[in-house]
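Taken in sequence, the protein lines are chains G and W.
Its first residue numbered 1, the first sequence is counted upward by one per residue in the working numbering.
Its first residue numbered 1001, the second sequence is counted upward by one per residue in the working numbering.
Each residue gets a CB set at the ideal place from its N, CA and C atoms; glycine is no exception.
Have a look at the structure below before the remarks.
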Amino acid sequence: MVNKNKTVLFGLYDDETDLIRAIRKAKAAHIEIDEVYTPFPVHGLDPELDLEESRLHIAGFIYGSMGTLTAFLFMSWVFTRDWPIIFGGKPYWSVPAFIPITFELTVLFAAIGMVVTFYTICGMGPGADNPILHDRITDDKFCIAFDVEGGSQDHHGPDHHPVDIDKLKDFFKTTGATEVQTKVI
Amino acid sequence: MSAPISNIREPLITGSKTYHQITEDLIGPTEKVPGFAWIAGVMTSLALLAFGGVAIFWTIWYGIGSWDLNRTIGWGWDITNFVWWIGIGHAGTLISAILLLFRQKWRMGVNRSAEAMTIFAVMCAALFPGIHMGRIWMAMFIFPYPNTRGPLWVNFNSPLLWDVFAISTYFTVSLLFWYTGLVPDFATVRDRAKGFRKKIYSFLAFGWTGKAKHWQRWESLSLILAGIATPLVLSVHTIVSFDFATSVIPGWHTTIFPPYFVAGAIFSGFAMVLTLMLIVRKVLKIEDYITIGHIESMNKVILCTGSIVGVAYLTELFIAWYSGYVYEQFAFYNRALGPYWWSYFGMMSCNVITPQFFWIKKIRRSVAWTFVLSIVVNIGMWFERFVIIATTLARDYLPSSWSYYVPTWVEVGIYVGTFGLFFTLFLLFLRVAPVVAAAEIKSILKTAGDQYTGPNAKHHAHHDDHGHDHEKTHELTSDSNSFLDSSANVATAPEVDTVRKTDIQKETTSYQKIEDDPKTSITKDVDTNLDPDDPNFKSSFVAGAAGVGAGAGLTSLGTHEDDLKKVEGIGPAVEKVLKEGGVKNWKTLAAANPEQLKELLVGAGGTFKTMDPTTWPVQAQMADEGRWTELEKWQDELDGGKIS
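Quick look at the structure:
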């Protein structure tokens, strides 16, 4: 989720290789990067930003298992407890015939659950109004943003040093950013 | 960076695109005022849809009797059309899911529109069982919900109910998959739009910003959705085939049905994708993204699945004879030589014979041939369903009930109406959404763009359409920590850069010619001083550059030189020894075994004797494949290049 009302200084790069090189320099200089925005998934970016692997697949497994249980237990209950009917001389609890629906509901639950989880944890949804730093980020520019607001120091704990804006601007200049802006989001 | 792509493969994006150009090309069509052709298309589609609406209304008003279904033929055009549309709906998920798992990058040119096609085809398909049931106002009876009739549940043991679950799940999952892929592109449209359009696309884009973490989750989500959609797409047509295979009708109750239906579905689905995309790429001028290579790949899938279907038809015939079961034998005799012989003939010639033309490369790469054959395949697949359904039912166990069935205008009208629905939705889709997944295309530009790979490749791995290239290259070389340091070996990079821009222009104009002549890619000159990050680098040995003589039984792979010092444990002095020994590049080093290297070092005498080259080939392999992050991580653990 985006913290409202923070000031960010961001720079735009023309190419993902410039971006990754700049991230490395920022790390070497112990500058804390607030966020990185790219127009497409840049492979090799996650380890640079020390992003942990997404745990969405674990959620997907749990949702899928819920689907499996829901379908199988419900059909079993209907045909053995609630309203047992003999179809074609088969046993009431005819497990093989339950498999297709069990499979379909596993997939359905996993897919819906994961998609809902994805949008929720990303703070997205129909009509969501997240701040946009620059119109070209979804086009062809690669963006690094630094949090430069003094007040937000509290979020970062005791290790946080006061922000030196000139130093950050200098950083963008030396790493080849083509545009640098400050924005309150 | 991105996974390496074979240099033998042709580029997937032509015209030396930049990221911004991709945006312009793919987002642009949504921003223009629709032309006359589009409006005419929508009007025609709506007219067809209206006719279908009348036919549906007629059916509901007068009942199913208006279709002239009779005593034995209870399933006519309706279920034929249902199975046909569902089959067409299979290509979208196949392209987006199965090809994603197989890392087939050409899918990115067509996945968006194929998925849209899937969704619209499934909507058309779902219409038929709905109205076929007769009392459509009781359609909710097919779902198991607590009701006041007992509660009386649906029959969970019936394939018809499995169909309900399979198709509704398939529709939902396809829709979610498609929309999740669309969100980043809607965000691009939003950021370019103004006024009211911006409001609409802001809503549709769900607040996408492009954060690194969001992209990571997005990719994770896409991969898992692909993983679960793959068995799903196979299950859907399997279950549709169970509608027939679990019955007791000769000609239907065969175990071959599931695989043969799935193959047939992929077959017809790809044919429909081709029919549509051949028109769309021309009208929207996106031939640079849906290239002849894409068309050829899809034609190969058609050839493969068409052959599977052909084998299945012959197997059915053989098994009918071999089983010695007279009813089965009669069913097949009747199909081929009975009153519906013409539909069997149509099926065999359209599905089995004509797709075999795709063995010829010229035909596979010909737009005109592909267009005609793709329509032929769709006709053939419609015949297949008709053969299975109508001919089988027309001659059942009881000769006194034998009959012949011809659809009424009402039944034909509903079929025509589904075309209207399909094309209306598809044409709307073309206007409001980017027809090719723009963000995904950008992510493969540097591995599959024609300026980076293939016969016209000129660019190096770092992007340099803007100014100060020279400084940049030098800056890179001086920055020893940079993962791009590999480009330190660009022997004459500045010169290359200055001529590049004019080259690109030449390339674009000459590309068409080169594409027509595949030999060009083989006979082209091999540059021996290539950047190892450049995909062309590999071609220097793929294209047959002879290995130079090497000492100690080493095989030299290519003649270009790499910075061997990237390998921890190798310093300038050792590098010299190795290069003199024939190990000029990472590739050669990776292929060498440590004993051979040891031999070289011992031969050099002095302090070299004591060195331990065990990890060098592995490190070199990582360097050669561009796995810099992994290499660096490993080098942190190593002690002077040795396992500590």
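Counting C-beta pairs closer than 8 Å gives fewer than three between the region 1402-1414 of chain W and the region 1245-1254 of chain W, which falls short of the contact rule. Residues of the region 1204-1218 of chain W with a C-beta less than 9 Å from any C-beta of chain G: Leu1204, Ala1205, Phe1206, Gly1207, Trp1208, Thr1209, Gly1210, Lys1211, Ala1212, Lys1213, His1214, Trp1215, Gln1216, Arg1217 and Trp1218, listed in chain order. Each residue's CA atom was taken as its position, placing W/Pro1258 and W/Ala1245 some 8 Å apart.
For G/Phe87, the chain W residues whose C-beta falls within less than 7 Å of its own C-beta are Asn1155 and Asn1157, listed in chain order. Taking the CA atoms as reference points, G/Phe98 sits about 8 Å from G/Ser76. Among the residues facing chain G, W/Trp1162 is included, as its CB has a counterpart in that chain under 8 Å away. According to the DSSP assignment, W/Tyr1397 belongs to no beta strand (DSSP E), since it is labelled neither H nor E. Take W/Met1108, set aside five residues on each side of it, and the residues of its chain with a beta-carbon closer than 7 Å to its own are Ala1437, Glu1440, Ile1441 and Ile1444, in chain order. Within the region 1180-1196 of chain W, Thr1180, Val1183, Pro1184, Ala1187, Thr1188, Arg1190, Asp1191 and Arg1192 place their CB atoms closer than 8 Å to a CB of chain G, listed in sequence order.
The closest CA to that of W/Ala1265, considering only W/Leu1284, W/Gly1227, W/Gly1420 and W/Ile1095, is found on W/Ile1095. Here W/Lys1017 is near W/Asp1288, since their CB atoms are less than 8 Å apart. Assigned with DSSP and collapsed to three states, W/Gln1104 falls in coil, not helix or strand. The residue from W/Ile1290, W/Gln1619, W/Gly1310 and W/Trp1077 with its alpha-carbon nearest to that of W/Lys1105 is W/Ile1290. Under a 10 Å Cβ-count criterion, W/His1214 is classified as buried, with 16 or more other Cβ atoms of the shown protein chains found around its own Cβ. A direct Cα-Cα distance of roughly 28 Å separates W/Ser1343 from W/Ile1119.
Looking at the DSSP output, G/Gly11 bridges to G/Ile144 and G/Val180. Sixteen is the threshold: when 16 or more other Cβ atoms of the shown chains lie within 10 Å of the Cβ of W/Gln1619, as they do, the residue is buried. Non-local C-beta neighbours of W/Glu1632 in its own chain, meaning closer than 7 Å and more than five positions away in sequence, are absent.
Judged by DSSP in its simplified three-state form, W/Glu1568 adopts coil rather than helix or strand.
Of W/Ile1308, W/Phe1270 and W/Val1583, the smallest CA-CA separation from W/Ser1297 is found for W/Phe1270. Within 10 angstroms of the beta-carbon of G/Thr174 lie fewer than 16 other beta-carbons, which makes it exposed.
Among the residues of chain G, those whose CB is under 9 Å from the CB of W/Ser1235 are Pro100, Phe103, Glu104 and Val107, following chain order. Residue-level contact check: G/Asn130 touches chain W, since one or more beta carbons of chain W fall below 8 Å from its beta carbon. In the DSSP assignment, W/Ile1013 forms a beta bridge with W/Gly1449. The count of Cβ pairs closer than 8 Å, one atom from the region 1195-1202 of chain W and one from the region 21-37 of chain G, stays below three, leaving the stretches out of contact. Judged by beta-carbon spacing, W/Leu1600 lies within the 8 Å limit of W/Leu1578, meaning their Cβ atoms are closer than that value. Scanning W/Lys1566, W/Val1602 and W/Pro1572 for the CA closest to the CA of W/Asp1636 turns up W/Lys1566. Around the beta-carbon of G/Asp147, 16 or more other beta-carbon atoms lie within 10 Å, marking it buried. In the DSSP assignment, W/Lys1211 is bridged to G/Tyr37.
DSSP places W/Ser1247 in the coil class of the three-state scheme, outside both helix and strand. For W/Phe1171, the uninterrupted alpha helix (DSSP H) run begins and ends at Pro1159 to Arg1192, by DSSP.
Counting along the chain, the unbroken alpha helix (DSSP H) around W/Val1283 starts and ends at Phe1257 to Val1283.
If you compare the alpha carbons of W/Ile1064, W/Arg1112, W/Phe1128 and W/Asn1111 with that of W/Asn1081, the shortest gap goes to W/Phe1128. Straight-line spacing of the CA atoms in W/Ile1142 and W/Ala1226 works out to 28 Å. Just so you know, the alpha carbons of G/Arg81 and G/Tyr63 end up roughly 26 Å apart. At a Cβ-Cβ threshold of 8 Å, G/Val8 and G/Ala145 count as neighbours.
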